[in-house]
Structures are given as structure tokens and as C-alpha cells.
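**Q** I am attaching a structure below and will ask some questions about it afterwards.
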Amino acid sequence: MADKKQRLVLSILDFLTESMQDGTVKEEDKEGIEVAAQTIAEAFGVDPSDEQQRKQLATQPGLFALFDLFLKTREKISQPQASTSTAPPPAKPAVSAEDKAKAEKLKQSGNSQMSRKEYKDAISSYTEAIALDPTNAVYYSNRAAAYSSTGDHEKAVDDAEKAIEVDPKFIKAYSRLGHAHYCLADYTSASAAFRKGLEVDPTNANLAAGLDQSEARISEAAQIPEEETPVSTSRAAPGAGAGGMPDLASLAGMFGGGGGGGGGGMPDISSMLNNPALMQMAQSLMANGGMEQLMNNPSVANMMNRMQSGGGMPSMSEIMSDPSLRDLYET
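Here full-length UniProt numbering is used: the first residue of the sequence shown is 1, the next is one more, and so on.
What follows is the structure, given as C-alpha cells:
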């Protein structure tokens with residue numbers, strides 16, 4: 001410890017001597033500096049004229065050079081702190097090849113569970129996949145579809161937005177987001193989602209159809225008088241027909257029709273049952289558990305309102321252009 005202090009004292013004495021020699025210290029002040037230097041040397045047992053002691057205690061670079069280096073180093077250290085506001089965002093977490101493979105298997109399990117209408121299990125599978133690989137937008141989008149299938153459209157919105165955040169060019173996420181907003185009857189947000197997707201892919205027919213349908217709902221809502229209330233969609237469950245198919249006669253009654261030509265412009269139900277496209281859609285809905293969702297779909301309620309007010313039955317192309325009904329058909 002004594003050697004370290006003596007090294008510092010020798011450096012101070014050398015600095016004072018250099019300052020007197022290079023003119024830093026005025027002539028009239030030199031005597032006072034010399035007295036101070038001699039006093040310091042004697043107090044710490046340092047003799048600058050002793051070559052043997054100087055060899056033991058001398059340091060290079062000198063005191064002034066060390067102090068200058070300290071100032072420059074401190075300045076460099078402070079510069080990054082001043083520019084932290086412009087620092088780039090943190091990189092996405094690295095995912096190992098093993099975790100990616102496990103996540104893909106979980107996604108495939110979720111897809112199989114979706115086809116079997118095991119929606120809650122599918123949500124669990126997609127959630128595990130996301131935990132392993134949070135950088136894959138497909139997992140969030142698929143879980144959004146699973147949430148929509150359970151009727152939890154709020155969570156579907158959250159997942160679709162997360163998918164877009166992870167990959168802004170993943171088109172299906174915009175479709176999922178628009179569909180979720182549409183099912184929540186938030187047609188303005190649905191329209192914005194479809195429009196944003198079309199900015200990424202202007203040729204996407206599904207997004208264009210969803211946008212048209214959402215804007216049509218916005219226009220319809222603007223034309224409905226405030227005192228007019230929509231027809232309630234609550235109803236008893238339809239009876240089952242042969243082979244698990246619903247009682248289409250009851251379904252026809254819900255729309256106000258019978259076995260023959262209906263009043264108010266209603267179509268011939270027998271003709272509807274002979275329409276292969278309509279029957280294919282009905283069979284698909286039943287196979288995917290979509291009939292219950294169909295009964296609670298806001299688009300169906302709007303169609304019922306229109307038909308009861310004399311607007312007539314929607315065309316097949318209009319039904320298939322509705323994003324929520326099309327999504328049920330394609331699930």
C-alpha cells in the first residue's frame with residue numbers, strides 16, 4: 001500500500017516540476033511550489049533525485065497523461081447513454097430448430113383437432129406451439145380461428161392482431177381479424193381490417209368480398225331508423241332430421257316459408273332443397289358444427305329482418321360473399 005501512495009506522490013512531484021519548467025507556474029509562484037513539493041516529499045519519504053527509488057516508483061505514462069486518458073474514456077462511455085432513444089428495437093428471440101419442429105407438430109395436432117370440432121383442445125395445442133415459437137404468425141392466426149369457432153371473438157381479435165404484429169404480410173391474419181370484428185357486429189373495424197389486408201394484397205378476392213360486405217352492413221345500419229329494433233335471434237334448438245341433418249322444415253319456418261312458394265317473395269323451399277350448392281353448404285355446416293353458430297350469427301339476423309320487411313331472400317352469391325358465413329363454410 002505504501003508503494004502505491006509513494007508512486008502517486010512521485011507522479012505529483014514530477015507534475016509540479018514539469019509545470020514550473022514549461023511555464024505553467026508563474027515565476028513569482030515557483031518558490032511556493034518548491035516548498036510545497038519538498039514538504040510532500042519528506043512527508044511520504046520520497047526523494048525524486050534518488051535514481052534507485054525512482055526506478056522502483058516511477059510510472060508511465062505520467063500523471064497528466066493518465067488524467068487526460070480518464071477524461072476521454074469517461075466521455076466515450078457517456079455517449080451511448082445519450083443515444084439510447086435512437087437504439088434499434090430488440091431482436092426477436094432466437095428459436096432453436098428443435099423447438100420449431102415441436103411447435104410444427106403441435107400446430108398439426110391443433111389442425112386435426114379443429115377438423116374434429118375439438119376447439120378447446122386445438123386452442124391448447126396452438127398455445128403450446130406459440131410458447132415454443134412465438135415468432136410464427138400462423139400459430140396466432142390458427143388460434144384466432146379456434147377462438148372464433150368457440151364464439152370468443154374478442155380473443156380472436158387479439159390473436160389476429162398479434163399475428164399481424166409478428167408478420168405484417170401474413171394475409172390470412174387480416175381475414176381472421178376482419179371476420180372476428182364482423183361477428184362482433186363491429187363492421188367499421190371489420191372494414192378497416194379487410195382494407196388494410198388489401199393494401200398488402202390488392203388482388204385477394206376474400207378480403208375484397210369481406211370489405212364489400214362490411215361496408216354494406218355499415219350502410220344498412222345507417223338506413224335503419226333508431227326506433228326500429230332487430231328481430232331477436234334467440235330460439236329453441238332446431239329439431240334433428242335423418243342422419244344428423246337439421247329439420248330443414250323448421251329452418252324454413254324460421255325464415256317464414258313453407259313447403260310451397262312463400263309469401264312476400266319467399267322462395268319455394270322444395271326448390272331450395274334441390275339446390276346442390278345450398279345443400280352442400282348445409283351439409284358442410286353440419287359436419288363442422290356450424291349450424292349452432294349459424295343460428296346466432298348477426299348476418300342471419302340481418303337477413304331475417306330484411307325478409308320480414310319484404311326485402312326478399314338473399315341470393316346464393318350474396319350468402320357466400322358474407323365473410324362470417326363463408327368462414328363457417330370453409331372451417
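Glycine residues also receive a C-beta, built at the ideal position from the N, C-alpha and C atoms.
All values reported here derive from a predicted model rather than from experimental measurement.
Buried or exposed, going by whether 16 or more other CB atoms sit within 10 Å of the CB of residue 74?
**A** Residue 74 is exposed by the Cβ-count criterion.
**Q** Helix, strand or coil for residue 100? Go by DSSP, reduced to three states.
**A** Correct three-state label for residue 100: helix.
**Q** Give the single residue among 188, 45, 138, 34 whose Cα lies nearest to the Cα of residue 211.
**A** Cα-wise, what sits closest to residue 211 is 188.
**Q** Out of curiosity, what's the CA-to-CA distance linking residue 160 and residue 150?
**A** C-alpha separation (whole angstroms): 15 Å.
**Q** Under the three-state reduction of DSSP, which class applies to residue 49: helix, strand or coil?
**A** Correct three-state label for residue 49: coil.
**Q** Look at the Cβ atom of residue 103, then the Cβ atom of residue 136, and state whether they are nearer than 9 Å.
**A** Closer than 9 Å, so yes.
**Q** Can you tell me where the alpha helix (DSSP H) holding residue 184 begins and where it ends?
**A** From DSSP, residue 184 is part of no alpha helix (DSSP H); its letter is neither H nor E.
**Q** Pick helix, strand or coil for residue 35, following the three-state DSSP scheme.
**A** DSSP places residue 35 in helix when its eight states are reduced to three.
**Q** When you compare only the Cα positions, how much space is there between residue 213 and residue 125?
**A** Approximately 32 Å, taken between the alpha carbons.
**Q** Alpha carbon to alpha carbon, what distance is there between residue 122 and residue 235?
**A** For residue 235, the predicted model reports a pLDDT of 38, less than 50, meaning its position is unreliable; a value from the coordinates is still stated below. The straight-line gap from Cα to Cα measures roughly 29 Å.
**Q** Taking the beta carbon of residue 35 as the centre, do at least 16 other beta carbons fall within 10 Å, making it buried, or is it exposed?
**A** Exposed, because fewer than 16 other Cβ atoms sit within 10 Å of the Cβ of residue 35.
**Q** Am I right that residue 171 and residue 197 are in contact with their C-beta atoms under 8 Å? What's the rounded C-beta distance?
**A** Indeed, because the Cβ distance is near 6 Å, the residues count as touching under 8 Å.
**Q** Mapping DSSP to helix, strand and coil, what is residue 128?
**A** In this structure, residue 128 counts as helix in the three-state DSSP scheme.
**Q** Can you give the Cα-Cα distance for residue 32 and residue 72, rounded to whole angstroms?
**A** Computed Cα separation, rounded: 32 Å.
**Q** What is the residue span of the alpha helix (DSSP H) that residue 206 lies within?
**A** Residue 206 -> alpha helix (DSSP H) spans 205-223.
**Q** Going straight from the alpha carbon of residue 106 to that of residue 138, what length do you get?
**A** Approximately 12 Å between the Cα atoms of the pair.
**Q** Within 10 angstroms of the Cβ of residue 23, are there 16 or more other Cβ atoms? Answer buried if so, exposed if not.
**A** Counting Cβ neighbours within 10 Å, residue 23 comes out exposed, since fewer than 16 surround it.
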